[in-house]
Amino acid sequence: ILEDIDSTEYIVASLAASNFHGAPYPPEFAESTPGWYFGDDPGSAEGLPWLKDTDLCAVLAQTSGSLRCPPVVQKPTKSLPKRSAAVAAPTQSPTVSSSSPSYYTVFSGRTGAIQGSGYLTYGLVDSVADCQTMCNKVSGCVFVNSYHDVNGKNGSPLLTCSLYSIVHSAAEATNYGGQRQPDGSYDYITDSAGY
1 ILEDIDSTEY
11 IVASLAASNF
21 HGAPYPPEFA
31 ESTPGWYFGD
41 DPGSAEGLPW
51 LKDTDLCAVL
61 AQTSGSLRCP
71 PVVQKPTKSL
81 PKRSAAVAAP
91 TQSPTVSSSS
101 PSYYTVFSGR
111 TGAIQGSGYL
121 TYGLVDSVAD
131 CQTMCNKVSG
141 CVFVNSYHDV
151 NGKNGSPLLT
161 CSLYSIVHSA
171 AEATNYGGQR
181 QPDGSYDYIT
191 DSAGY
């Protein structure tokens, strides 16, 4: 029986904790691939499950042992009051305070990614904040390693977001890349940070 890898059922099963939420091999392995994408442009993530897809997220929410989509938070917008005789300053829309855990920087600016124990999953994100938000939704996650994996993909701005169940140090940022890419180049790591 052939499996339809584009079916919702297949995608949901692939995002199970038992499958490291779609990324069974940590990033340091040549056969590894990201398991998911959490960001604003699903077209930039080459067919990865998009964790802002409301239909996919609804099914994941009802599936035991699967990855949970973070809530999508609307970014604050500036609003201007209606014109009056007096010129008023622009005001910011109110923002909702979050009860999410705070993160502190363990290391930053490294050229190596974490290679260590406690691996949970990895995917692609638009920002460090998105990576931290993903950690908040993965059971047992206490540490994130975000970095640019420069791998011959036309200068993609996406960050790799690796999640761990233990805190790591800069001394464990020993995955420097070095895998040969289809275009003949070698990948390398920049802007690696741990939180």
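The numbering of the sequence shown is the UniProt record's numbering, which starts it at 1 and goes up by one. C-beta: ideal position from N, C-alpha, C; glycine also. Owing to the predicted nature of the structure, the values given are computational and were not obtained by experimental measurement.
Could you tell me which residues DSSP pairs with residue i in its beta bridges?
{"i": "L51", "result": "DSSP lists no partner for L51."}
{"i": "I189", "result": "D149"}
{"i": "V138", "result": "Bridge partners of V138: none, in fact."}
{"i": "F38", "result": "V125"}
{"i": "A113", "result": "N175"}
{"i": "G194", "result": "F107 and N145"}
{"i": "A16", "result": "S66"}
{"i": "Y119", "result": "Y164"}
Drop a sphere of 10 angstroms on the beta-carbon of residue i, count the other beta-carbons inside from all chains shown, and report buried for 16 or more, exposed for fewer.
{"i": "A23", "result": "buried"}
{"i": "D55", "result": "exposed"}
{"i": "P182", "result": "exposed"}
{"i": "Y147", "result": "buried"}
{"i": "T174", "result": "exposed"}
{"i": "V125", "result": "buried"}
{"i": "P27", "result": "buried"}
{"i": "G112", "result": "buried"}
{"i": "Y70", "result": "What sits at residue 70 in the sequence shown is Pro, not Tyr. Buried: at least 16 other Cβ atoms inside 10 Å."}
{"i": "S18", "result": "exposed"}
{"i": "G155", "result": "exposed"}
{"i": "D149", "result": "buried"}
{"i": "G47", "result": "exposed"}
{"i": "G35", "result": "buried"}
{"i": "P90", "result": "Its pLDDT being 40, under 50, P90 is placed unreliably in this model, and the value from its coordinates should be taken loosely. P90 comes out exposed."}
Looking only at its own chain, which residues have a Cβ that is under 8 Å from the Cβ of residue i, when we skip the five neighbours before and after it?
{"i": "residue 200", "result": "What the structure shows of the chain is the stretch from 1 to 195, and residue 200 is not part of that stretch, so it cannot be assessed."}
{"i": "T33", "result": "A23 and Y25"}
{"i": "T8", "result": "D55, L56 and V59"}
{"i": "S127", "result": "G39 and L159"}
{"i": "A61", "result": "R68 and C69"}
Apart from the five residues on each side of it in sequence, which residues of its chain come closer than 7 Å, Cβ to Cβ, to residue i?
{"i": "L163", "result": "L120, T121, Y122, M134, C135, V138, C141 and V144"}
{"i": "V167", "result": "V106, V142 and F143"}
{"i": "P101", "result": "N136"}
Excluding sequence positions up to five away, which residues of its chain have a Cβ less than 6 Å from the Cβ of residue i?
{"i": "W50", "result": "Y37 and P42"}
{"i": "Y103", "result": "Q132 and Y195"}
{"i": "G116", "result": "H168 and E172"}
{"i": "F20", "result": "T121"}
{"i": "A193", "result": "S108 and S146"}
{"i": "V96", "result": "For V96, the predicted structure reports a pLDDT of 36, less than 50, and the residue's modelled location is therefore unreliable. A value from the coordinates is still provided. For V96, where only same-chain residues beyond five positions count, there are no Cβ hits under 6 Å."}
{"i": "G177", "result": "D187, Y188 and I189"}
Taking the alpha carbon of residue i as the point to measure from, which residue in the options has its own alpha carbon closest?
{"i": "L158", "options": "A171, C131 and H168", "result": "C131"}
{"i": "A171", "options": "N19, R110 and G39", "result": "R110"}
{"i": "residue 196", "options": "S18, S108, S117 and A17", "result": "As shown, the chain starts at 1 and ends at 195. That puts residue 196 outside it, with no answer to give."}
{"i": "G39", "options": "A129, S192, A173 and Y176", "result": "A129"}
{"i": "S64", "options": "A16, S169 and I114", "result": "A16"}
{"i": "S165", "options": "Q62, I114 and S14", "result": "I114"}
{"i": "V72", "options": "K52, S66, A61 and Q62", "result": "K52"}
{"i": "A13", "options": "G177, L67, G118 and P101", "result": "L67"}
Taking 8 Å as the cut-off, is the CB of residue i close to at least one heavy atom of the ligand COA?
{"i": "E46", "result": "Ligands are entirely absent from the displayed structure, and the ligand COA is therefore not among its contents."}
Counting only runs that start and end within the segment 142-176, where is the beta strand (DSSP E) found for 3 or more residues in a row? 143-150 and 159-164
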